[in-house]
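Visitor: Quick one: structure below, then a few questions.
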Amino acid sequence: MHEEFLRRAISLAAENVEQRRGGPFGAVIVMDGQVVAEGANHVTTRNDPTAHAEVEAIREACRKLGRHDLRGAVIYASCEPCPMCLSAIYWARLDALYYAASKDDAARAGFDDSFLYQQIPLAQEQRALPTRRLLAAESSLPFDRWAVSSSKIPY
């Protein structure tokens, strides 16, 4: 069964390239043996650097299910997810991830995320992206309001 869904993700990735809709990445989200959502990479056609296949599939699944978490579901990705997508998969609380191509396969095709993997563990002052904390004394206001909000939905 896993192979069937993973083949669908690979097919989505190949179709995406053939139809010139974006990069060679596809993803399928399955719950109780049924496809809930599919996604393909639309970074260049939507001018959206977050429009990766996994993120697109997560967004669609959450819309369809009417909830912000995907506990009980599994994601199948045509390629090992980048750090952003892997984070989204964790945030969505998916039960499992299955993928086909490796990040090394993606790098050979010109999609090299190694820079991100190198940057993440570095201290802020060592990262290539200048990062500075400002307004620390004022920063607790939103969290203080969240703590006492009667309308908050924990996640």
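Count the sequence shown with my numbering and you get residues 647 to 801, in order. All residues carry an ideal CB built from backbone N, CA and C; glycine is no exception.
CB S748 to CB E726, shorter than 8 Å?
Guide: The sequence position of residue 748 within the sequence shown is 102, counting from 1. The sequence position of residue 726 within the sequence shown is 80, counting from 1. Yes; because the gap between Cβ atoms is below 8 Å, this pair is in contact.
Visitor: Just how far apart, CA to CA, sit F651 and A659?
Guide: Within the sequence shown, residue 651 is the residue found at index 5, counting from 1. Within the sequence shown, residue 659 is the residue found at index 13, counting from 1. Their Cα atoms are separated by approximately 13 Å.
Visitor: Between the alpha carbons of D723 and C731, how many angstroms are there, rounded?
Guide: Here residue 723 corresponds to residue number 77 of the sequence shown, with the count starting at 1. Here residue 731 corresponds to residue number 85 of the sequence shown, with the count starting at 1. First, the residue type needs correcting, since residue 723 is Ala and not Asp in the sequence shown. Cα to Cα, A723 sits roughly 10 Å from C731.
Visitor: Tell me whether the beta-carbon of V663 lies closer than 8 Å to the beta-carbon of V674.
Guide: As a position in the sequence shown, residue 663 is number 17, starting the count at 1. As a position in the sequence shown, residue 674 is number 28, starting the count at 1. The answer is no: Cβ separation not under 8 Å.
Visitor: Please look up how many angstroms separate the CB atoms of N687 and G669, rounded, as I've assumed it's under 8 Å.
Guide: As a working mapping, residue 687 is identified with position 41 in the sequence shown. As a working mapping, residue 669 is identified with position 23 in the sequence shown. Indeed, because the Cβ distance is near 4 Å, the residues count as touching under 8 Å.
Visitor: Between the alpha carbons of A734 and R654, how many angstroms are there, rounded?
Guide: Taking the first residue of the sequence shown as 1, we reach residue 734 at position 88. Taking the first residue of the sequence shown as 1, we reach residue 654 at position 8. If you take the alpha carbons of A734 and R654, they lie about 21 Å apart.
Visitor: According to DSSP, what are the bridge partners of Y744?
Guide: Translated into the one-based positions of the sequence shown, residue 744 becomes position 98. Partner(s): Y722.
Visitor: For I721, tell me which candidate among D790, R791, E700 has the shortest Cα-Cα distance.
Guide: Position 75 of the sequence shown, counted from the start, is the residue given in the question as residue 721. Here the closest residue by C-alpha is E700.
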